[in-house]
Each structure stands twice: as C-alpha cells, then as structure tokens.
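Using our numbering, the letters of the sequence shown map in sequence onto residues 85 to 416.
Every residue, glycine too, gets a C-beta built ideally from N, C-alpha and C.
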Amino acid sequence: MTDALLKLAKDSSKKKKHELAEHVTGLLVARAEDTGSEETNLLNSMLEGVYDSLEHEAKRKMSEQLADVQSMSSKLAAAMASDDLPVAQAILERSKALTEADLKKIAETKDQGYLLALAKRDHVSKDLSSILIKRGSKEVKHAVAANLGAEITMPVFESLVKDMPKQMGDRIRHLRKSNEELIEDLFRDDGEIAAGSELVPKPSKISPKAWLMGIKLGKTTLNKAIYQLSHEHNLLDAVGLLSASSGLEMKYVHNLMVRYDSTGIAAVCRACGIGAMEFQAVCKERCKHLKFPESTGSKWLTNYHMLDDTDARRLLTLMKIKLKAAKHEEAA
C-alpha cells in the first residue's frame with residue numbers, strides 16, 4: 085500500500101493528486117486515534133505534500149473529515165486553519181491538532197469570521213480568550229461569554245454579559261457559576277463535598293466489560309446499558325461505563341453521581357449522549373441512594389432538559405483539562 089501511495093504522490097496530474105488526497109484522508113480517518121505511528125506520519129506527510137495543489141472544494145471536504153481526527157498533524161491542521169474561512173472553519177472550531185501557538189497566531193492576525201470560529205471551540209484558554217475579547221466584534225465577545233469552555237475571569241465575564249439580553253445573560257451567569265463551583269469541588273477532599281454515601285458493588289446480569297465490548301461491537305448501546313444498570317440498582321457499574329465513555333476518571337464520576345445536586349452527573353450524561361428516559365432512570369436510583377423524594381428526581385430531569393449538548397460537552401472538556409493541569413503541577 086505504501087509503495088502505491090508514494091507512486092501516486094509523485095504523479096504530477098491534478099486528478100491523481102485529488103485521488104491521493106481523498107484516499108489518504110480516508111485512511112487517516114480510519115486511524116483517528118493512532119497518533120505518532122510511522123504509518124500515520126506517512127499519511128500526514130502525503131497530505132501536507134499535496135495540500136496546496138488541491139481545489140477549494142476538496143480542501144473543504146478534507147477539513148470536515150479531519151476536524152475530529154486526533155492523528156492529524158499540527159502542520160496540516162495549521163495549513164487548513166489559515167486557508168479561506170469555508171475550509172478553515174471546521175478545523176478552527178473542532179480540531180485538537182492545532183497548537184496553542186497556532187490558535188493565538190490566527191486570533192492575532194485573522195478577521196472576525198476566524199475569531200468567531202475560535203470562540204466556539206470546546207476549550208478556549210485564558211490567553212486565547214483575552215485575544216478574542218480584545219480584537220473581537222460584539223458577536224465574538226458574546227460567543228466567548230456564552231462558551232462555558234472559555235476560561236475568563238468573572239469580572240471580564242460580567243462586563244461581557246451586561247451587553248446581552250437579560251434572559252440570556254442570566255442563564256449563562258447561572259451556568260458558569262454552577263460550573264465553576266463544580267470544578268472547584270473536583271479538587272476538594274471527599275469529606276468536604278456535600279454528597280451521599282459511597283456506592284457499593286451490586287450483582288448485575290452483564291458485567292461492565294461485557295457491556296463495553298457489546299457497545300464497541302455495535303450489539304448494544306450505552307443508553308441501554310445505563311438504563312438496565314439503573315433498574316438493577318447498580319449505579320457503581322453505571323459510573324464505570326460513564327467513566328469509560330467520557331474519559332473522566334472513575335473516582336470523579338463517582339463523586340458526581342453521589343453529590344446532592346445533579347449538575348455534574350447531568351453534564352457527563354448529556355455529553356455522553358444519554359437520553360432523557362435513561363437519565364430519568366439514573367435520577368430515580370440516585371434519589372433512592374441519597375434518600376431523596378422522587379420529586380427531586382423530577383427537578384433534576386427538568387434541569388437536564390435545559391442543559392444544552394454543547395454546554396455539557398464543553399464543561400466535560402474543561403473538567404478534564406483542569407484535572408490534567410493539576411496533575412502536571414503535582415508532578416512538577
């Protein structure tokens with residue numbers, strides 16, 4: 085395969101280069117999480133080599149296909165992010181292959197369309213937020229303020245929110261305050277968190293490993309697993325599946341599950357694609373565990389319906405980034 089691709093790469097015709105780009109893009113998508121391997125590096129090098137010779141529509145399609153691919157090289161991501169906005173947009177909004185330096189350079193040099201795309205990323209660092217707020221239009225500033233994954237100080241946040249419609253500003257203010265408290269709780273000792281007793285192992289018809297294998301093979305879904313485990317009164321195994329799906333360590337998902345509020349576990353469930361019926365089953369079992377009336381579960385479900393998928397995903401991303409940064413500080 086490698087020899088054939090190299091031969092195709094040397095072909096000077098535009099048609100062959102487009103064929104190569106389309107084929108190699110598909111191969112790279114199939115290796116979405118295979119970062120750093122020799123094969124992945126070769127695929128990236130080939131796309132980097134033919135990128136400038138591709139037509140606009142081919143570049144746009146490539147951008148859409150590779151925006152969520154972790155194995156894409158930072159060099160290729162930077163080339164697409166600096167291209168015309170229709171090509172750059174998906175990469176600017178979603179790609180994790182862009183370095184912080186690339187993001188800041190684009191924010192400092194490009195026009196408002198690029199800045200607006202950057203403001204919609206799942207995570208916007210404090211430095212990047214500062215640039216976007218300094219250079220951005222009113223629309224860009226509002227997008228930063230509304231992005232729960234954007235790191236900004238409360239004084240700056242309040243200055244941005246005052247220009248928004250009151251209802252929207254109040255909603256974002258409430259969500260941001262709740263999320264900041266939630267993230268702070270992640271770093272507290274268990275005894276300092278308002279939470280119920282620890283979950284204990286319960287018998288279940290299907291083990292977490294079997295559920296995960298079934299989900300991976302497409303024979304079942306995470307929703308079915310969470311619903312079944314909730315009905316089996318087995319929240320601990322549900323925590324394990326949510327941890328595997330979300331990428332958040334099990335101990336943190338466990339703490340969110342036994343907290344007296346539902347903000348954190350609702351965000352994790354929403355970000356993992358858990359549906360309303362399945363979340364209702366979780367709420368019912370949480371009420372039993374925490375010794376709350378079932379009416380509390382109804383309130384949690386109402387709040388869940390009000391939570392936006394994007395907000396939930398951004399909060400989960402921010403939690404993981406904060407925890408990773410804290411671990412690096414401890415190790416230093």
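key: Limits of the unbroken alpha helix (DSSP H) element including S155   = Residue 155 sits at position 71 when you count from the first residue of the sequence shown. No alpha helix (DSSP H) contains S155, which DSSP labels as neither H nor E.
For S129, the nearest candidate out of V108, M146, H102 (CA to CA) = Taking the sequence shown and counting its residues from 1, the one referred to as residue 129 is at position 45. Of V108, M146, H102, the residue nearest in Cα terms is V108.
Proximity to W384 [Cα-Cα], best of L187, D393, A365 = Along the sequence shown, one-based indexing puts residue 384 at 300. Residue A365 is the option with its Cα nearest to W384.
request  = Might you give, ordered along the chain, the residues of its own chain that have their beta carbon closer than 6 Å to the beta carbon of T380, omitting 5 neighbours on each side?
outcome  = As a first step, residue 380 must be located in the sequence shown, where it is residue number 296. Result list for T380: C371, in chain order.
query = Can you check whether the CB of V134 is closer than 8 Å to the CB of K159?
reply = Position 75 of the sequence shown, counting from 1, holds the residue named residue 159. Position 50 of the sequence shown, counting from 1, holds the residue named residue 134. Result no, Cβ atoms of K159 and V134 do not sit closer than 8 Å.
Separation of K204 from Q196, as counted between CA atoms = On the sequence shown, position 112 is the one that residue 196 refers to. On the sequence shown, position 120 is the one that residue 204 refers to. Approximately 13 Å between the Cα atoms of the pair.
query = For the ligand FMN, any of its heavy atoms closer than 7 Å to the Cβ of K300?
reply = The model on display carries no ligand, and the ligand FMN is accordingly not part of it.
query = By the 10 Å Cβ neighbour count, where 16 or more other Cβ atoms means buried, how is P292 classified, buried or exposed?
reply = Sequence index remark: in the sequence shown, residue 292 carries index 208 (1-based). Looking at its Cβ environment, which holds 16 or more other Cβ atoms inside 10 Å, P292 is buried.
request  = Give the secondary structure of R343 by DSSP, where H, G and I count as helix, E and B as strand, and everything else as coil.
outcome  = As a working note, residue 343 is residue 259 in the sequence shown. Of the three classes helix, strand and coil, the one that applies to R343 here is strand, per DSSP.
inquiry  = My assumption, with CB atoms under 8 Å, is that I310 sits in contact with L325. Please give the rounded CB distance.
reply    = By one-based count along the sequence shown, residue 310 stands at place 226. By one-based count along the sequence shown, residue 325 stands at place 241. So it is a contact: roughly 7 Å between Cβ atoms.
query = Around the Cβ of M156, are there at least 16 other Cβ atoms within 10 angstroms (buried) or fewer (exposed)?
reply = For the purposes of this step, residue 156 is identified with residue 72 of the sequence shown, where counting begins at 1. Buried, because 16 or more other Cβ atoms sit within 10 Å of the Cβ of M156.
query = For S327, which residues of its own chain have a beta-carbon under 6 Å away from its beta-carbon, when the five flanking residues on both sides are left out?
reply = Against the sequence shown, residue 327 aligns to sequence position 243. Once the five neighbours on either side are set aside, the close Cβ partners of S327 are M334, V337.
task = Pull up the distance between the alpha-carbon of M403 and that of E123, whole angstroms please.
result = Looking up residue 403 in the sequence shown gives position 319. Looking up residue 123 in the sequence shown gives position 39. Near 32 Å, if we compare the C-alpha coordinates of E123 and M403.
query = Would you call Q251 buried or exposed, if buried means 16 or more other Cβ atoms sit within 10 Å of its Cβ?
reply = As a working note, residue 251 is residue 167 in the sequence shown. By the 10 Å Cβ count, Q251 comes out exposed.
ask   = Per the contact definition of three or more C-beta pairs closer than 8 Å, is the segment 389-397 in contact with the segment 298-312?
value = no
message = Using a Cβ distance threshold of 8 Å, determine whether the segment 211-230 contacts the segment 181-200, with at least three qualifying pairs required.
response = yes
message = What does the alpha-carbon distance come out to for the pair L104 and T183?
response = Here residue 104 refers to the residue found at position 20 of the sequence shown. Here residue 183 refers to the residue found at position 99 of the sequence shown. Their backbone Cα atoms lie some 26 Å apart in a straight line.
Nearest to S262 (by Cα), restricted to the options L127, K99, D395, N125 = The residue you call residue 262 lines up with position 178 of the sequence shown. It is D395 whose Cα lies nearest to the Cα of S262.
ask   = Are A227 and I256 touching if we call contact CB-CB under 8 Å?
value = To locate residue 227, count along the sequence shown from 1; it is residue 143. To locate residue 256, count along the sequence shown from 1; it is residue 172. Not in contact: A227 and I256 (Cβ atoms no closer than 8 Å).
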